[in-house]
Structure formats: C-alpha cells, structure tokens
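Engineer: Counting from 1 along the sequence shown, just add 76 to a position and that's the residue number in our numbering. Heads up, the beta-carbon is just placed ideally off N, CA and C, and yes, glycines get one too. For clarity, every value in this text was computed on a predicted model and none was experimentally measured.
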Amino acid sequence: MTAEPRPAGWYDDPDDPSAQRYWDGKDWTPHRQRKPHSPKTPRVSPAPQPPSNLPPPPPQLTPPSAPPAGLAPAQQAPWDQLQPHVRKARGFWSSLPRQRQLLFAAIGLLAIVVITAGALMTVFHGVTGGGKSGGGGGGGHSDSYNKGYQWVNTTNDEGVGYYAGSHGIDSACHYYANQQAQGLNPQEWIQGCKDAMDTVMPSNVPR
77 MTAEPRPAGW YDDPDDPSAQ RYWDGKDWTP HRQRKPHSPK TPRVSPAPQP PSNLPPPPPQ
137 LTPPSAPPAG LAPAQQAPWD QLQPHVRKAR GFWSSLPRQR QLLFAAIGLL AIVVITAGAL
197 MTVFHGVTGG GKSGGGGGGG HSDSYNKGYQ WVNTTNDEGV GYYAGSHGID SACHYYANQQ
257 AQGLNPQEWI QGCKDAMDTV MPSNVPR
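(1) Under the three-state reduction of DSSP, which class applies to Thr-231: helix, strand or coil?
(2) On the DSSP letters alone, give me the boundaries of the beta strand (DSSP E) that Gln-96 sits inside.
(3) Buried or exposed: where does Ile-245 fall if 16 or more other Cβ atoms within 10 Å of its Cβ makes it buried?
(4) Which term fits Trp-169, buried or exposed, when burial requires 16 or more other beta carbons within 10 angstroms of its beta carbon?
(5) Starting from the C-beta of Val-203, find all residues in its chain whose C-beta is less than 6 Å away, skip the five residues before and the five after it, and write them out in chain order.
(6) Is Gly-268 helix, strand or coil when you go by DSSP?
(7) Do you know how far the Cα of Arg-163 is from the Cα of Gln-157?
(8) Would you grab the beta carbon distance between Tyr-252 and Val-236 for me? Rounded to a whole angstrom, and I think it's under 8 Å.
(9) If you follow the beta strand (DSSP E) that Asp-89 is in, where does it begin and where does it stop?
(10) How many angstroms separate the CA atom of His-243 from the CA atom of Lys-270?
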C-alpha cells in the first residue's frame, strides 16, 4: 500500500529545525523561512506563601450564654422587684365583689382617721404640757406650782433624790421650798414639787 502524496506547502525543514522549507508536492525546493513564533503561554507565578514565623491567630471569643429561664438578674431595681406583688394585689382586688371592695375601703379609711386622730392628740398633749407629766406642770396651775414642778425636772442636785429617798417626798419638798420658793406661794410650790417627784421617784420612796 503506497502512502498518499504530501500536498504542497511549508513544512519543517529536515535539515534545519528552526526553519521551514517549501514542498512543491514532489520534492523540496530551495525556498526556506523561519518558523513563525507561537504565542507563549504567560507563566503564572505562584501565590506568595505567608511567613512561617507569624503568631497564631487569636482564639475566637465565645459569646456569653443567656441565663437559664426563671432566674432573676443579679440586681434589680426596687420597683422591678415589687411589680409581681403589685400585679398579684391588683388581681386579688379585681376578683373581689363590689360590696367587699367597699367594705375594705371603709375599713382602711377608718384606720387612717384613727391613726391621724391619735397623732393629733399626741401633738396636742405635748404642746399643752400633758398635766403632771409636762415640763412645767401646765393644766391651768399657778406660777408657783409650775415653778416647783419645773424645779424637780431641771435640778442637777443629786442630793435631792437622796434626801427624798431618806425622808420622803413631802419632807424633801418642804425642805427645798425654804430655798427655792422665795417670792412664791410656798404651798403651791410644794404641791408642784410633790407632783413632779411622784412621777420621777421610785414607788418605794415614801410619799
């Protein structure tokens, strides 16, 4: 079997690998030319590798987990702590019948009136002197009486208590009236003195 004849054209020169020679279909001709330069594929440089001496990346931070359900925060405002109790109280009040609500409201109002009246009486009692227990006797007594009463409550003489404990309240007031009741009604002064000592001296002291 015979090979097919090579068609005419430019082919690689068998005598010069860098050139081409023209084949006329039968034989090589003396015509030669340089091989056309084929486009070279650009050389891709490899990506630069990071240096091996870099520090390791920082650890990833784990976000804090939410507190378990049902646990209260560490600190709460006072009003936040009272809100559950306020809601319970409102629910209890709303569940009461209308008549029961009116009854409780009347009882609360009465308690407020009683407390207010007691406070006013205490203030009034302190202002007016409170009878015998006041600092100056009060109660519409004479000036001599008030002087004797006041002297017992303000004296710093420790001998007064000792004398009253040894001789009795009546004798002590008569004794000190000679010194303190000058220019006053002695009997009124002594009565004020006795009433004041009666409130401050122990019960075992002779009256």
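Structural biologist: Looking at the coordinates:
(1) Numbered from 1 along the sequence shown, position 155 holds the residue referred to as residue 231. Looking at Thr-231 - three-state DSSP - the assignment turns out to be coil, as it is neither helix nor strand.
(2) For the purposes of this step, residue 96 is taken as residue 20 along the sequence shown, with counting starting at 1. Here the beta strand (DSSP E) through Gln-96 covers 92-99.
(3) Reading the sequence shown from its first residue, position 169 is the one you call residue 245. So Ile-245 counts as buried.
(4) For the purposes of this step, residue 169 is identified with residue 93 of the sequence shown, where counting begins at 1. Flag for Trp-169 reads exposed.
(5) Against the sequence shown, residue 203 aligns to sequence position 127. Reliability of the predicted coordinates at Val-203 is poor, the pLDDT of 48 falling under 50, and the value obtained from them is presented with this limitation in mind. Correct list: empty, nothing qualifies.
(6) On the sequence shown, residue 268 is found 192 positions in, with the first residue counted as 1. Three-state result, Gly-268: helix.
(7) Along the sequence shown, one-based indexing puts residue 157 at 81. Along the sequence shown, one-based indexing puts residue 163 at 87. Distance between the alpha carbons of Gln-157 and Arg-163: 11 Å.
(8) Along the sequence shown, one-based indexing puts residue 252 at 176. Along the sequence shown, one-based indexing puts residue 236 at 160. About 7 Å separates the two Cβ atoms, so the contact holds.
(9) Position 13 of the sequence shown, counting from 1, holds the residue named residue 89. From DSSP, the beta strand (DSSP E) with Asp-89 extends over 85-89.
(10) Residue mapping note: residue 243 aligns to position 167 of the sequence shown, counting from 1. Residue mapping note: residue 270 aligns to position 194 of the sequence shown, counting from 1. Between His-243 and Lys-270, the C-alpha separation is close to 13 Å.
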